[in-house]
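In our numbering, the protein residues as written are 136 to 342.
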């Protein structure tokens, strides 16, 4: 008659063909214990089966053995399981929801930090390098091109907002502010001159 004993070391169920005498060594952890002090348990019924994607079937086996295979990563969501002898086949993930989790969560050390991936930055000029460019736009806006004045205003405002968000180096804040204010004043000046010229033309036409 087959009997089952529980190992005090790893708490595995050991199936023996007959009642043991003396010490018993656990093949899993190597712990030795006396069989006389153990209460004999009836054997665990083998009712679960596993079918891998290639079509091979393992089992019937005890349910705890199938659960152990899941914990060891030997079963994935592409396998099918049958939890009773005459039951239907169903997806392993439907019985063991942990198989739906990503591999980094469902297996391995969950406290291990994920490796950092260096993502290449944009190929254009960095924010810390645009302060001089904004000043240049502001100067060109004063010289005679109102388009550059508007560009200095808009680009300077965007970079100053990036500085408030911590994405702009502190060393480029001063030239960015200078170019920004030059663009603002130049834009207002040009807008005033253009509006004055339009008003004068309309006034002369009315006279």
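The C-beta atom is built at its ideal place from N, Cα and C for all residues, glycine as well.
- Annotated three-state conformation of residue 318 is helix, per DSSP.
- The region 273-290 makes contact with the region 320-333; the number of CB pairs closer than 8 Å reaches 3 or more.
- Per DSSP, residue 181 is not a residue of any beta strand (DSSP E), being assigned neither H nor E.
- Taken in chain order, the complete beta strand (DSSP E) segments of 3 or more residues contained in the region 198-237 are 215-217.
- Residue 327 sits exposed, since fewer than 16 C-beta atoms from the chains shown fall within 10 Å of its C-beta.
- When 181, 186, 192 and 273 are compared, the shortest CA-CA separation from residue 199 is found for 181.
- Approximately 7 Å separates the beta-carbon atoms of residue 266 and residue 314; this is inside 8 Å, confirming the contact.
- Judged by DSSP secondary structure, residue 162 falls outside any beta strand (DSSP E); it is assigned neither H nor E.
- Counting only runs of at least 4 residues, the region 281-314 fully encloses the following alpha helix (DSSP H) elements, listed from N- to C-terminal order: 281-299.
- Spanning the alpha carbons of residue 141 and residue 147 requires a straight line of approximately 5 Å.
- DSSP places residue 192 in the strand class (E or B) of the three-state scheme.
- According to the DSSP secondary-structure assignment, residue 168 is paired through a beta bridge with 159.
- By the criterion of a C-beta distance shorter than 7 Å, residue 186 is surrounded in its chain by 192, 214, 215 and 224, once the five residues flanking it on both sides are discounted.
- Residues of the same chain with a CB within less than 6 Å of the CB of residue 228, apart from the 5 flanking positions on each side, are 212, 234 and 235 in chain order.
- In the assembly as shown, residue 294 is a buried residue. Its beta-carbon has 16 or more other beta-carbons within 10 Å.
- For residue 273, the enclosing alpha helix (DSSP H) covers residues 266-278.
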